[in-house]
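What follows is one structure encoded as structure tokens, with my remarks underneath.
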Amino acid sequence: MDAAEKLAEAARVGNIDVLYELLCSDQFLLERFEQVQFIDTPLHIAASEGCTHFAIEIMSLKPSFCGRLNTNGFSPLDLALRNGHRETVSRLVQFNPDLIRVQGKERITPLHYVAETDDIEFLAEFLLACPASIEDLTIRDETAVHIAVKNSNERAFKVLLGWLQRTENLDILDWKDETGNTVLHIAASTNQPQVVRRLIKRVYTLNEVNAEGLTAFDIALRLPMDSSREVKKVLQKAGVCRSSLLPSVCSKAQFFSSKEYMSQKIVKLHAFLHKGLSEDTRNVLLVVAVLIATASYQAVLSPPGGLYSNDNGKLQGGLSNGQVQMPTNYLNLFLIFNSLAFALSVGMMVLFIQESLGGALLDLALLFLMLSYFISMFSISGNTETGLMSAGGALAIISSLFLFFLIIMPKMWVDAPGMMLLDCLTRRETVSDRMQYRLVAKKYSSLVGHKCKGIHCNDNIGILHNLAFFSE
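Take the sequence shown: its letters are residues 1 to 472, numbered as in UniProt numbering.
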């Protein structure tokens with residue numbers, strides 16, 4: 001029996017002492033396993049036999065063995081998982097969480113496997129240990145969610161959906177497989193009304209079409225009438241319609257040949273503000289915006305010319321205590337321009353800081369700040385008709401800008417209805433903005449070092465939500 005055979009036998013029984021005896025006689029024994037592309041390394045053998053301690057010892061000596069595949073296309077973690085050695089699986093993942101992302105035969109990862117077998121305990125453990133593994137795709141461009149739904153594993157689907165929701169990665173539900181099917185398409189084709197009911201509340205694009213140009217409702221219509229009534233009812237109630245009722249989507253050639261509309265320019269601007277600027281530049285702009293907001297707010301509290309004050313509280317020249325002494329014409333211009341400066345600076349703060357719970361709380365604080373600004377503005381304008389009109393005009397301007405920065409612009413960024421609304425406003429019959437989203441996503445994903453999985457396999461709006469708000 002040569003040294004390689006002795007090592008294989010030691011791996012099967014988990015004899016660490018024999019391992020080091022063999023290494024004493026041949027220091028390059030483990031190195032020779034790296035000369036063969038596909039082979040059962042000692043780590044593969046130990047993992048398949050459930051020899052946990054021996055496997056960890058080999059991993060410490062040769063970390064490169066972790067990602068190696070044998071002739072059957074399995075990694076060491078695959079073998080431990082498929083042979084039911086749960087303790088070995090947990091220890092290997094604890095030692096090296098990246099093992100969860102090793103793609104074996106058909107690019108299937110351990111996460112895909114546990115989603116297929118409905119092993120919800122390991123599914124949750126893998127997601128917590130390696131969150132990025134949810135982005136891995138098989139050779140059929142399937143995510144773990146695709147696989148769970150395709151195999152009617154509702155328990156695994158619930159775990160995945162709960163994790164996606166808690167980590168703000170629901171855009172993955174809109175990713176497509178090689179045939180253009182989203183998870184909603186698959187749930188409809190497999191007649192799973194409970195899964196469909198959960199999905200319609202969380203996917204970004206309900207009326208997404210697959211490679212055949214079919215929506216989830218089109219697919220449900222192909223199912224037997226008696227067994228698919230509930231699925232059809234749920235889809236129809238949620239607003240999922242036939243593809244024939246949807247606006248036509250322009251081709252890539254038509255998109256590049258067409259004029260770049262204002263809505264697409266806004267998309268690029270928003271992307272640039274989020275990911276195109278360096279961190280230092282963003283911080284400088286944020287400081288400048290804060291200073292402008294502070295100065296404009298202080299200007300309302302202490303306007304040019306000051307406020308009228310009379311200890312006797314009597315009117316003089318039509319002025320009352322606390323009312324601005326500035327002439328009416330100048331007051332109108334002052335309120336409008338000062339409100340513009342305040343609204344734009346607050347809007348910039350909203351754009352730069354809206355990527356977390358802290359950003360949401362800041363938005364709320366800024367809203368209260370603007371309300372107090374309105375109160376101060378009405379207070380100094382007096383009760384005259386002209387003063388109220390000027391304050392009202394400034395109020396309309398600042399409200400419109402704040403709504404644009406806080407609600408409309410972020411909605412355009414992540415949601416198809418916002419873009420479709422702009423399409424209607426610009427009297428366009430086709431929806432081509434999705435390609436603009438994908439182009440912008442590809443450009444700015446490289447700036448942050450995040451590989452945007454949606455570029456090659458997902459024609460959806462949701463990928464930009466992932467790019468902008470998913471933690472790198």
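Virtual Cβ for every residue (Gly too), placed ideally from N, Cα, C.
- With residue 247 as the anchor, note down where its alpha helix (DSSP H) starts and where it stops. Neither: residue 247 is in no alpha helix (DSSP H) and is coded neither H nor E.
- Going by the beta-carbon positions, is the gap between residue 193 and residue 240 smaller than 7 angstroms? no
- Exposure label - residue 288; buried when at least 16 CB within 10 Å: exposed
- Task: From the DSSP output, in three-state form, read off residue 425 for me.
- Result: Interpretation of residue 425 is limited by its pLDDT of 35, a score under 50 that renders its predicted location unreliable; no figure is taken from the coordinates.
- Span of the alpha helix (DSSP H) around residue 133: Where residue 133 is concerned, there is no enclosing alpha helix (DSSP H), given that its DSSP letter is neither H nor E.
- Tell whether a beta-carbon distance below 7 angstroms holds between residue 48 and residue 79. yes
- Query: Expressed to the nearest angstrom, what Euclidean distance is found between the alpha-carbon atoms of residue 204 and residue 335?
  - Reply: 40 angstroms
- Message: Which of the three DSSP states is assigned to residue 42 in this structure?
- Response: helix
- So residue 50 and residue 88 are in contact, right, with Cβ under 8 angstroms, and what is the actual spacing, rounded? 5 angstroms
- Taking residue 104 and residue 69 to be in contact with their CB atoms under 8 angstroms, please state how far apart those CB atoms are, rounded to whole angstroms. 6 angstroms
- Message: Once the 5 residues before and after residue 481 are set aside, which same chain residues still bring their CB inside 8 angstroms of it?
- Response: Since the first residue of the chain shown is 1 and the last is 472, residue 481 is not available in this structure.
- Message: So the candidates are 161, 327, 176; which of them puts its Cα closest to the Cα of residue 196?
- Response: 161
- Task: Locate the alpha helix (DSSP H) running through residue 206, then write down its first and last residues.
- Result: Careful: residue 206 lies outside any alpha helix (DSSP H) and carries neither H nor E.
- Task: Determine the DSSP secondary structure at residue 146, reduced to helix, strand or coil.
- Result: helix
- Item | Inter-residue CB distance, residue 209 and residue 243 (contact presumed, cutoff 8 angstroms) | 5 angstroms
- Message: Using the Cβ count rule (16 or more neighbours within 10 Å means buried), how would you classify residue 178?
- Response: exposed
- Task: For residue 52, name the three-state secondary structure that DSSP assigns.
- Result: helix
- Taking Cβ positions, are residue 3 and residue 22 nearer each other than 7 angstroms? yes
- Task: Within its chain, find whatever has a CB closer than 6 angstroms to the CB of residue 300; leave out the 5 residues flanking it on each side and keep chain order.
- Result: 376, 377
- Task: Return the Cβ separation of residue 372 and residue 293 in integer angstroms, given the expectation that the two are a contact with Cβ distance under 8 angstroms.
- Result: Contact flag wrong, Cβ pair sits at about 12 angstroms.
- Classify residue 241 as helix, strand or coil using the three-state DSSP reduction. coil
- Message: Tell me the rounded alpha-carbon separation between residue 236 and residue 348.
- Response: 40 angstroms
- Grab the span of the alpha helix (DSSP H) containing residue 76 for me, first residue to last. 76-82
- Cα-Cα separation between residue 171 and residue 164, rounded to whole angstroms: 8 angstroms
- Message: Tell me which residue opens and which closes the alpha helix (DSSP H) that residue 292 is part of.
- Response: 279-301
- Task: Measure the beta-carbon distance from residue 184 to residue 216 and round it to whole angstroms, keeping in mind my assumption that it falls under 8 angstroms.
- Result: 5 angstroms
- Give the range of the alpha helix (DSSP H) segment to which residue 18 is assigned. 16-25
- Residue range of the unbroken alpha helix (DSSP H) whose run includes residue 88: 86-95
- Task: Report yes if the C-beta distance between residue 65 and residue 43 is below 7 angstroms; otherwise report no.
- Result: yes
- With 16 other Cβ atoms within 10 Å as the buried cut-off, status of residue 74: buried
- How is residue 165 classed by DSSP in three states: helix, strand or coil? helix
- Query: Helix or strand or just coil, what does DSSP make of residue 339?
  - Reply: helix
- Helix, strand or coil: which one does DSSP assign to residue 186? helix
- Query: Among residues of its own chain, excluding the 5 on either side of residue 138, which ones have a beta-carbon nearer than 7 angstroms to its beta-carbon?
  - Reply: 106, 107, 108, 112
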